[in-house]
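In what follows, a single structure is set out as structure tokens and then discussed.
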Amino acid sequence: GGEEHSFEINLILDPLLHHAGNVLICQLDYLFCFRFGVKKKPIYINVIRDPIERLVSYYYFLRFGDDYRPGLRRRKQGDKKTFDECVAAGGSDCAPEKLWLQIPFFCGHSSECWNVGSRWALEQAKYNLINEYFLVGVTEELEDFIMLLEAALPRFFRGATELYRTGKKSHLRKTTEKKLPTKETIAKLQQSEIWKMENEFYEFALEQFQFVRAHAVREKDGELYILAQNFFYEKIYPKSN
Numbered sequence: 128g129g130e131e132h133s134f135e136i137n138l139i140l141d142p143l144l145h146h147a148g149n150v151l152i153c154q155l156d157y158l159f160c161f162r163f164g165v166k167k168k169p170i171y172i173n174v175i176r177d178p179i180e181r182l183v184s185y186y187y188f189l190r191f192g193d194d195y196r197p198g199l200r201r202r203k204q205g206d207k208k209t210f211d212e213c214v215a216a217g218g219s220d221c222a223p224e225k226l227w228l229q230i231p232f233f234c235g236h237s238s239e240c241w242n243v244g245s246r247w248a249l250e251q252a253k254y255n256l257i258n259e260y261f262l263v264g265v266t267e268e269l270e271d272f273i274m275l276l277e278a279a280l281p282r283f284f285r286g287a288t289e290l291y292r293t294g295k296k297s298h299l300r301k302t303t304e305k306k307l308p309t310k311e312t313i314a315k316l317q318q319s320e321i322w323k324m325e326n327e328f329y330e331f332a333l334e335q336f337q338f339v340r341a342h343a344v345r346e347k348d349g350e351l352y353i354l355a356q357n358f359f360y361e362k363i364y365p366k367s368n
């Protein structure tokens, strides 16, 4: 399961972190940084994606690859079934259980994190996002995420926004042969409790990101200026049940 999540995050952050140099930033999952090779507490950052969009993209990636290494043979190469056809047939590669990915990666090192549909895992993922992550962005607002990183951590990300704007075609890979799912397919997936939980986490992360963006910076002439560094540590805490 980890391959698909780290793959997407790497597409976005690897060029920026390479540009930033040797910096103690954990860009993958909380489990990896918790267990391996990190003596000082790192800066946790991440980017998440709409859960259905992520699943559709990965479904076609396994079959057709991307424009970065078009000649590489993929795990499901030769399977021409569309995502819509997969859902209609009840296929395993498009099952609602495949949506359970971003919650466990933020949840951490407990085996309960990978218990599909675990309410505890969802709440733990929210807790870690609030208490452990410096900034979590969303792919739909990726440029703002990069601008915030550059504004808040100029030592590491100076020039990253310009790099993204001028070089995005060269370092953001696009899945080939991807067909958007129909409204019927989306509606079917949205009936599942797993989608509801993953989407709840996605909306929670989006709310946090927009809160930081609204309160921590102001834009002038295309540049972001930090108003108060402490807003990067201010969070909207979940309501107690």
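For the sequence shown, the numbering used here begins at 128 and goes up steadily by one.
C-beta atoms are modelled at their ideal positions from N, C-alpha and C, and glycine is treated no differently.
Since this is a predicted model, take the numbers as computed values, not measurements.
In the three-state reduction of the DSSP assignment, L316 falls in the helix class.
The Cβ atoms of L269 and V263 do not sit closer than 8 angstroms to each other. Taking C-beta separations shorter than 7 angstroms and ignoring five residues to either side along the sequence, the partners of P178 in its chain run L226, Q229, W322, E325, N326, Y329, following chain order. DSSP links N173 through a beta bridge to V263. A Cβ-Cβ contact shorter than 8 angstroms links V265 with R176. If you draw a straight line from the Cα of F232 to the Cα of I170, it is about 16 angstroms long. Taking 8 angstroms as the cut-off, the Cβ atoms of L275 and R340 count as close. Under the DSSP assignment, R345 falls in the beta strand (DSSP E) whose first and last residues are 344-347. Collapsing the DSSP output to three states places W247 in a helix. In the three-state scheme derived from DSSP, where H, G and I count as helix and E and B as strand, S237 is classed as coil.
Under the three-state reduction of DSSP output, A252 falls in the helix class. Counting C-beta atoms within 10 angstroms of its own C-beta, E277 has 16 or more neighbours from the protein chains shown and is therefore classed as buried.
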